[in-house]
Amino acid sequence: MSNNKFFGAHVSASGGVQNAPLNAMAIGAKAFALFTKNQKRWDANPFDTKTLDEWFKNLELSGILPKHILPHDSYLINLGHHDESSLLKSREAFIDEMQRCSTLGLDRLNFHPGSHLQRFGKKDPDLEELTYSAEIECLETISESINRALDCTKGVIAVIENTAGQGTNLGYKFEHLAYIIDKIEDKSRIGVCIDTCHMFTSGYDIRTQDAYDKTWKEFDKVVGREFLKGMHINDSKPPLGAKVDRHESLGLGHIGLNAFGFIANDERMNDIPLILETPNEDMWADEIKKLYSLIK
Numbered sequence: 295m296s297n298n299k300f301f302g303a304h305v306s307a308s309g310g311v312q313n314a315p316l317n318a319m320a321i322g323a324k325a326f327a328l329f330t331k332n333q334k335r336w337d338a339n340p341f342d343t344k345t346l347d348e349w350f351k352n353l354e355l356s357g358i359l360p361k362h363i364l365p366h367d368s369y370l371i372n373l374g375h376h377d378e379s380s381l382l383k384s385r386e387a388f389i390d391e392m393q394r395c396s397t398l399g400l401d402r403l404n405f406h407p408g409s410h411l412q413r414f415g416k417k418d419p420d421l422e423e424l425t426y427s428a429e430i431e432c433l434e435t436i437s438e439s440i441n442r443a444l445d446c447t448k449g450v451i452a453v454i455e456n457t458a459g460q461g462t463n464l465g466y467k468f469e470h471l472a473y474i475i476d477k478i479e480d481k482s483r484i485g486v487c488i489d490t491c492h493m494f495t496s497g498y499d500i501r502t503q504d505a506y507d508k509t510w511k512e513f514d515k516v517v518g519r520e521f522l523k524g525m526h527i528n529d530s531k532p533p534l535g536a537k538v539d540r541h542e543s544l545g546l547g548h549i550g551l552n553a554f555g556f557i558a559n560d561e562r563m564n565d566i567p568l569i570l571e572t573p574n575e576d577m578w579a580d581e582i583k584k585l586y587s588l589i590k
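Everything in the sequence shown is counted per the working numbering, starting at 295 for the first residue and increasing by one.
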């Protein structure tokens, strides 16, 4: 089974994206994530020919396939923004990120769905699954943003990351993810990345085999396993249901090592990027070795 699991980490692309495959090789990764531009800026220069040549050369050297690479978009983007000008800026930036992935020969882009910032709608007591109309209006806006981006681009899957539910961030319920997916016109180009820390702190337990099975059974029912296109493998500093996003090194948080053993032996996680975002980069090589050692 070890040949079917692709563990790695979100490596640095400092000095240019061409360095990311080398940084992944250095820690023994078989998958990796990266930012294709500065994640704290709106704009970025197009890739020059030298950068692209080195990127493809280093990627081939690494032996890592594009489907095992999970680029992440800028943290500034909010595809559910209530303000029209801010929404337009986010949509344009997201389309640019999708195009950058395409230029690099990558087939997916990971992103946080968006935040309603308490500016949409009012409380609606008649809604059961989604308590606030603010949430629904925001989810509708996010869905429209994704559809627009897919219309303008080719070949890149929009991969929604589940969130911890901190502040007004949406995507912390499986129902949020399912709502967005339902609205996407081209289902072949929409997917989900499940972050284990976010999953846990938003209230989904994975610490025991029974809890793990129950949570993933619910995911399969509500979202659909066919949409799982990647995972972020993190332990959690906050406890179950805290709705706080703080990652911890594997085995040192409230999730514990057992859950990562369940993932390592779950055939449903085969052939997708399984990416560490744990806080101590010096431990990544050892953590990748540990994850492979958990395979029975």
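Quick reminder that beta carbons are idealized off the backbone N, C-alpha and C, glycines included.
Only a predicted model underlies this, so the values are computations on that prediction, with no experimental measurement involved.
- As the crow flies, the alpha-carbon of Ala325 is around 10 Å from that of Val305.
- Here Leu403 carries a strand assignment [DSSP, helix/strand/coil].
- The shortest C-alpha to C-alpha distance from Pro533 to any of Ser439, Leu346, Ala458 and Ile454 is the one to Ala458.
- Distance from the CA of Trp510 to the CA of Met493, rounded to the nearest whole angstrom, comes to 11 Å.
- Excluding sequence positions up to five before and after Lys531, its CB lies within less than 6 Å of the CB of Arg540, Glu542 and Gly547, all in the same chain and listed in chain order.
- Measuring C-alpha to C-alpha distances from Ala452 to each of Thr490, Glu512, Leu382 and Leu364 identifies Leu364 as the nearest.
- Taken atom to atom, the span from the alpha-carbon of Thr490 to that of Glu512 is near 15 Å.
- With respect to the 8 Å criterion, Asp390 and Lys361 are not classified as neighbours on the basis of their beta carbons.
- Counting every other CB atom within 10 Å of its CB across the protein chains shown gives Leu355 a total below 16, marking it as exposed.
- For Leu551, the closest of Glu575, Ala320, Leu346 and Glu581 by C-alpha to C-alpha distance is Glu581.
- A contact between stretches requires three or more CB pairs, one per stretch, nearer than 8 Å, and the region 565-582 meets this requirement with the region 522-530.
- Leaving aside the five residues that flank Ser384 on each side, the residues in its chain whose CB is nearer than 6 Å to its CB run, in chain order, Ile371, Asn372, Leu373 and His375.
- Annotation for Gly374: no beta strand (DSSP E) segment contains it, and DSSP assigns it neither H nor E.
- At the C-beta level, Thr345 and Gln393 stay beyond 8 Å of one another.
- For His304, the enclosing beta strand (DSSP E) covers residues Phe300 to His304.
- Secondary structure at Leu464: strand, using DSSP grouped into helix, strand and coil.
- Distance from the Cα of Glu429 is smallest, within the candidate group Ser439, Lys515 and Leu464, for Leu464.
- Classified as exposed, Tyr369 has fewer than 16 neighbouring CB atoms from the shown chains inside 10 Å of its CB.
- About 12 Å separates the beta carbons of Ile440 and Val486, which is beyond the 8 Å limit, so they are not a contact pair.
- Assigned with DSSP and collapsed to three states, Asp337 falls in coil, not helix or strand.
- Under the DSSP assignment, Glu455 falls in the beta strand (DSSP E) whose first and last residues are Ile451 to Glu455.
- When the five nearest sequence neighbours on each side are left out, the beta carbons in the same chain lying within less than 7 Å of the beta carbon of Lys523 are those of Arg402, Ile451, Val453, Gly485, Val486, Cys487 and Ile566, in order along the chain.
- Ile557 has its alpha-carbon roughly 7 Å from the corresponding atom of Met563.
- Leaving aside the five residues that flank Leu444 on each side, the residues in its chain whose CB is nearer than 6 Å to its CB run, in chain order, Asp480 and Arg483.
- Between Leu585 and Phe301, the CB-CB gap stays under 8 Å.
- Close CB contacts of Ala318 within its chain, under the 8 Å cut and outside five residues either way in sequence, are with Gly302, Ala303, Val305, Ala325, Phe326, Ser356 and Ile358 (chain order).
- Phe521 places its beta carbon less than 8 Å from that of Ile475.
- The Cβ-Cβ distance between Gly461 and Ser409 falls below 8 Å.
- In the DSSP annotation of this structure, Gly555 is not part of any beta strand (DSSP E); the continuous alpha helix (DSSP H) holding it starts and ends at Asn552 to Ala558.
- Rounded to the nearest whole angstrom, the C-alpha separation of Thr435 and Ser587 is 43 Å.
- Around the beta carbon of Asn456, 16 or more other beta carbons sit within 10 angstroms, so the residue counts as buried.
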